[in-house]
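Reviewing the structure listed below.
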Amino acid sequence: MSPTAPRVERAEQIAAMIRAALPTDLAAVVVTFNGTEVPQGAPDGAVIVLPPRLTFPTYHQVETTWEVCVTAGPTDNHIVSWSRVDAIIAAIAPSLDFTEAEPTSFQPTAGPALPAYVLTYTDPE
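This note's numbering applies: residue 1 is where the sequence shown begins, and numbers increase by one.
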């Protein structure tokens, strides 16, 4: 069995910080770094920690910029979906120093694409 890679461990830590930031009314939100765990339609919402972007400013230095996808259903009511996404972002934004949020869509394993935002976070290493 191989040891866990440092970036996998960091993704687990970021997911744990996001889970801890969610209030009880958002406790059913799925927080994962495996997008296949998001249920069809993401009825309660989901936060997916994506693999980091890596930059190498010097020969020995690696900077990681993380992206976190926030999405929610239902697929048939974008007003409810966007409201849920906004509530999740409002809850987790203070826990990490996000620098921007880009609108996008999230394609779950099954079903139609969902409205989403990708939030950017640079680790303070």
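A virtual CB, placed ideally from N, CA and C, is assigned to each residue, including glycine.
{"query": "Extent of the continuous beta strand (DSSP E) run through E67", "result": "61-71"}
{"query": "Straight-line Cα distance separating M17 from V80", "result": "25 Å"}
{"query": "Distance, V8 Cα to M1 Cα", "result": "For M1, the predicted structure reports a pLDDT of 44, less than 50, and the residue's modelled location is therefore unreliable. A value from the coordinates is still provided. M1 and V8: Cα-Cα distance of roughly 15 Å."}
{"query": "C-alpha gap between E102 and V118, whole angstroms", "result": "5 Å"}
{"query": "Supposed close pair W66, V49 - CB separation, criterion 8 Å", "result": "7 Å"}
{"query": "Distance, V38 Cα to P52 Cα", "result": "19 Å"}
{"query": "Alpha carbon of Q107 to alpha carbon of Q40, nearest angstrom", "result": "10 Å"}
{"query": "D25 versus T55 - alpha carbon distance", "result": "37 Å"}
{"query": "According to DSSP, residues forming a beta bridge with S105", "result": "P115"}
{"query": "Helix, strand or coil at T55 according to DSSP, with G and I counted as helix", "result": "strand"}
{"query": "Under 8 Å between C-beta atoms of A72 and G111", "result": "no"}
{"query": "Bridge-paired residues (DSSP) for V30", "result": "A46"}
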